[in-house]
Structure formats: structure tokens, C-alpha cells
Amino acid sequence: MTQDELKRAVAEAALAHIRPRLEDDSVLGIGTGSTANYFIDALADLRGQINATVASSEASAQRLKQHGIPVFDLNAVDRVDFYIDGADEANPYLQLIKGGGAALTREKIVAAVAREFICIADGSKLVDTLGAFPLPVEVIPMARSHVARELVKLGGDPVYREGVVTDNGNVILDVHNFMIPAPLEMEKRINNITGVVTNGLFALRPADVLLLGRESGVETLHAR
Ligand code: 5RP
Numbered sequence: 152m153t154q155d156e157l158k159r160a161v162a163e164a165a166l167a168h169i170r171p172r173l174e175d176d177s178v179l180g181i182g183t184g185s186t187a188n189y190f191i192d193a194l195a196d197l198r199g200q201i202n203a204t205v206a207s208s209e210a211s212a213q214r215l216k217q218h219g220i221p222v223f224d225l226n227a228v229d230r231v232d233f234y235i236d237g238a239d240e241a242n243p244y245l246q247l248i249k250g251g252g253a254a255l256t257r258e259k260i261v262a263a264v265a266r267e268f269i270c271i272a273d274g275s276k277l278v279d280t281l282g283a284f285p286l287p288v289e290v291i292p293m294a295r296s297h298v299a300r301e302l303v304k305l306g307g308d309p310v311y312r313e314g315v316v317t318d319n320g321n322v323i324l325d326v327h328n329f330m331i332p333a334p335l336e337m338e339k340r341i342n343n344i345t346g347v348v349t350n351g352l353f354a355l356r357p358a359d360v361l362l363l364g365r366e367s368g369v370e371t372l373h374a375r
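What the sequence shown shows, in this note's numbering, is residues 152 to 375, in sequence order.
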């Protein structure tokens with residue numbers, strides 16, 4: 152199977168995972184990226200039964216609307232029942248690196264609200280230690296150089312993601328050569344740098360369930 156076929160398989164598995172628990176008033180949080188796009192496309196088969204979604208990016212909101220699926224502002228709903236999103240890396244504790252698509256801040260907000268966070272990824276995303284994938288950090292534009300210097304002090308090599316402006320009007324630094332054996336501590340340390348909006352570590356709020364697409368089928372991992 153290709154990586155795209157594995158992504159489609161986990162997206163369909165995510166729909167099967169939540170479907171028995173969907174109610175008329177369920178609110179779905181929808182992530183961003185190619186795996187999340189497969190989930191949105193699978194969700195289109197249930198259009199008419201899905202009455203409320205919240206999107207983690209303008210791109211996902213647009214794709215949902217193109218399918219005729221209602222999208223709400225997060226402030227207009229009182230809860231998010233399920234949040235379905237991809238990841239750039241996941242470890243066995245279901246701590247993640249996210250933000251390859253520059254949507255990390257809104258993703259983190261929707262994940263924070265969600266009752267259940269279901270992460271969907273192809274099997275190549277599971278690692279023992281996070282950090283081979285460069286860690287995205289969303290930064291207020293005027294703080295870019297300051298934050299970069301602080302990230303160097305933490306041991307990383309930050310690289311400005313040229314030409315990318317987030318949905319929030321900010322910029323992204325990708326931290327290379329930065330293995331992260333203690334994700335909880337590092338998430339807090341980076342968030343404490345003045346000028347950082349958020350970073351792509353999802354350790355304070357890891358996934359609850361990880362659906363991994365493998366050649367042999369979809370594997371389900373639960374938080375330890
Ligand atoms: C976007 C993300 C994505 O979930 C992550 O980059 C994975 O993307 P893909 O599903 O395309 O592999 O965090 O900000």
C-alpha cells in the first residue's frame with residue numbers, strides 16, 4: 152500500500168471508531184493535513200447526519216463546506232465530542248509532534264476542548280523518541296530572531312519557514328536536530344519563551360487514541 156492508501160485507511164477507521172457514538176447534536180473537531188482531508192472526504196458520506204463541526208484551519212473549514220458539512224466557530228459550541236487529526240510524529244505515550252501544515256495553534260486549541268482526541272497516521276509516524284521531524288513553533292513575527300536565539304540555547308537549530316503565514320498571521324520556526332526525550336518539560340519550556348504563540352509538541356494534551364495505518368491493517372493504540 153502507498154502512504155496515501157494507509158492514510159485513507161486510518162481516516163475510514165476513525166469514522167468507524169466514532170460512528171456508533173455519534174448523536175444528532177455531536178460536535179466534531181476536524182484537523183488539518185492530508186490525513187485529515189481523507190477523514191473529511193469520508194465524512195461527506197454522512198452529510199446530513201453531521202450537524203456541527205469545528206475546523207482547525209481555514210483550509211479544512213473550506214473543504215468541509217465544499218462537502219456541505221456545517222462548520223461553526225469554536226466559541227459558538229459548548230463542547231467538542233471528538234477531535235480527529237493527523238500528526239507528524241507520535242510516540243508510544245501518544246505524545247505528538249504536529250504543525251507540519253502550520254495549523255498547530257488552532258489544532259492545540261481544538262484538542263484542548265475535545266473530550267476524545269483521535270489521532271490518525273500512517274505507521275511511519277510512530278517513533279520511540281520525538282524529534283526527527285523538525286519541531287514547528289508558531290511565533291509572533293517581531294519576535295522571530297529573539298525566539299530563534301532562545302531555541303538555539305535549548306540545543307536546536309531553528310529554521311524560518313519562508314513564505315508561510317499562519318491562519319493567525321504569525322510565522323513558523325522549524326527546530327531541526329532536536330531530539331526530545333522529555334516532551335512535557337520541553338513543551339512548557341518553549342511555550343515560556345516570550346514571543347512564542349505555541350509549539351508543535353502535544354504532550355500536555357496527548358491523543359487519547361492513535362489509529363495507525365499499517366500494511367497488515369489499522370492498529371489501535373491507547374494512551375498508557
Ligand atoms: C498540520 C498537522 C498535520 O496533522 C500533520 O502535519 C500531518 O500531516 P499529514 O496528515 O499531511 O501527514 O499537524 O498542522
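Yeah, the Cβ is synthetic: ideal placement off N, Cα and C, and Gly gets one too.
Through-space distance from residue j to residue i, alpha-carbon basis
| i | j | result |
| --- | --- | --- |
| L302 | G250 | 17 angstroms |
| D229 | L255 | 22 angstroms |
| A354 | Q246 | 5 angstroms |
| D175 | D232 | 12 angstroms |
| V316 | H373 | 34 angstroms |
| S177 | A187 | 18 angstroms |
| R375 | P357 | 11 angstroms |
| V369 | V348 | 34 angstroms |
| G307 | R159 | 33 angstroms |
| D279 | P332 | 9 angstroms |
Top-ranked residue by Cα proximity to residue i, from the options
| i | options | result |
| --- | --- | --- |
| Q154 | K276, G320 and V315 | K276 |
| Y244 | V348, N328 and L281 | L281 |
| E163 | D192, V278 and H297 | D192 |
| Y189 | A165, E174 and A253 | A165 |
| S208 | F233, R257, I235 and T186 | R257 |
| R170 | F329, I269 and R365 | I269 |
| F284 | K158, D196, K304 and V326 | V326 |
| Q217 | D232, G180, K339 and L194 | L194 |
| T345 | G368, K158 and E289 | E289 |
Segment contact flag, the segment 213-231 with the segment 321-329, C-beta cutoff 8 angstroms, min 3 pairs: no
Would you mind listing the beta strand (DSSP E) stretches within the segment 188-233 that are 3+ residues and don't spill past its ends, in chain order? 203-206
Going along the chain, which unbroken runs of the beta strand (DSSP E) with 3 or more residues stay wholly within the segment 280-308? 286-290
Completely contained alpha helix (DSSP H) runs for the segment 297-366, where each covers 4 or more residues: 334-342
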